[in-house]
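Enquirer: Next up is a structure, given as structure tokens.
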Amino acid sequence: DPDSLASVFSSPAQVLKRVISRYPARINPHYLSLIDRPRDAIYRQVFPDQEELSEANDQNPDDPIGEDVYSPVANLSHRYRDRVLFLVSDTCPVFCRFCTRKRKVGRSLSVTEETLEAGFRYIEDHRKIRDVLLSGGDPLMLPDERLARILDRVRRIPHVEVIRIGTRVPAALPQRITPKLVKILRDDHPAYIHTHFNHPREITPESREACRLMADAGLPMSNQTVLLKGINDDADTLEELFRGLLNNRVRPYYLFQVDLARGVDHFRTPLASGLDIMDELHRRTSPMALPTYVVDLPDAKGKVVLNRGSVLMRADGGIAIRMPTGEEVAYPEGDRPLNGVSDPRCLPTETVAGSRTRWSAPSTGREKGKGSI
């Protein structure tokens, strides 16, 4: 609660109350213990900040990547032809201040037996869905028995081949990874675990043990990191993080550009920073330790790999991102110019409209843009 947070870090309680009234906060004792001092890399990820309410932050959309637009039933998003995002939990071990779903988590995301059943039926009715990503909130925050029921129900759908679980638990509440929980996950092979470590200080003895339990059970683990301004936006920090993850049998998978969500703009780094960091990491370390740098584009256009060929400078000095379809999408950029990007002179001022592969969801008839990943 705001008063207890204020007492721990000598912060103004009234400021915290204003932020938390709009974007709830949660910091568990384990993650709190990782904070060395106010404003350090761990603190900034979870501690409410008045910048979340700034005018610049309010200019961004609530739903930056179009999850709600392509939600045929509550808590399920079907943006890609063969896979769905299924929100099965409405709480997390911590509430990350940069969360793309901060409009919902801790506030309006309501997961009930009715929403779960609607999601199961939708997946059953759409036979092209082969990959189900369970998220939330955090699925591993569910009671063991409820999680087991959800996994069993999805696994019994004949055309579902892969179940993935997106979770912050191994980094933020590793004590939750128990032998009983691991057995539930192991019994639903192939189940893939997407962890979420952002900083090497999150790799603790407890998180190492959590990863060991899952790896020894044969659960494939990959990690999705968010590139965060002032927290991990340098090659030294990310190299330490990615090598530490490999040492714990977790494969670096994605490095995400911060989504254009309301309340998170102060975490955004310029695309130039991410490109420079990836270039430096390529020079320093094995490809095994290198994730793919991606952005999830607005308007549900999907994920695009960011590199010197896909990030383009327009004639007016703005930035565009080239999708695999050839479409070039304007992208709001930070305060650093881009050096070494493709075609710096030949792009027109307006976004270039290319051809897009489209498909229709059978249940809604709505047109959906097929993303790249």
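What the sequence shown shows, in the working numbering, is residues 675 to 1047, in sequence order.
Even glycine gets a Cβ: it sits at the ideal position worked out from N, Cα and C.
Since the model is a prediction, treat every value here as computed from it, not as a measurement.
For Ile839 versus Ala865, is the C-beta spacing smaller than 8 Å?
Expert: yes
Enquirer: Please state if the CB of Arg875 and the CB of Val834 are separated by a distance shorter than 8 Å.
Expert: For the 8 Å CB-CB criterion, Val834 and Arg875 do not form a contact.
Enquirer: Taking the continuous alpha helix (DSSP H) assigned at Thr852, which residues delimit it?
Expert: Thr852 -> no alpha helix (DSSP H), and no H or E assigned at all.
Enquirer: In whole angstroms, what is the alpha-carbon distance linking Gln688 and Pro767?
Expert: 24 Å
Enquirer: Can you tell me which of the three DSSP states His868 falls into?
Expert: strand
Enquirer: For Arg850 and Met962, what's the separation of their Cα atoms in angstroms?
Expert: 28 Å
Enquirer: Measuring alpha carbon to alpha carbon, tell me which residue in Asn981, Thr911, Tyr744 and Ile739 is nearest Thr774.
Expert: Answer by Cα proximity: Ile739.
Enquirer: Have a look at Lys857, Met888, Leu679 and Pro813 and flag the residue whose alpha-carbon is nearest the alpha-carbon of Asn749.
Expert: Pro813
Enquirer: For Arg838, which beta-bridge partners are listed by DSSP?
Expert: Paired residue(s): Leu807 and Tyr866.
Enquirer: Between the alpha carbons of Leu808 and Pro712, how many angstroms are there, rounded?
Expert: 33 Å
Enquirer: By alpha-carbon positions, which one of Asp953, Asp973 and Ile995 ends up nearest to Gly983?
Expert: Ile995
Enquirer: What separation, rounded to the nearest whole angstrom, lies between the Cα atoms of Asp907 and His873?
Expert: 10 Å
Enquirer: Return the chain-ordered ranges of every alpha helix (DSSP H) run that is complete within the stretch 883-921 and spans a minimum of 4 residues.
Expert: Fully enclosed alpha helix (DSSP H) runs of 4 or longer: 909-921.
Enquirer: Evaluate Asn921 with the Cβ neighbour count: other Cβ atoms within 10 Å of its Cβ, from every protein chain shown; 16 or more gives buried, anything less gives exposed.
Expert: exposed
Enquirer: Determine the direct distance from the alpha carbon of Ser751 to that of Ile694, and round the result to whole angstroms.
Expert: Looking at the two C-alpha atoms, the distance is approximately 27 Å.
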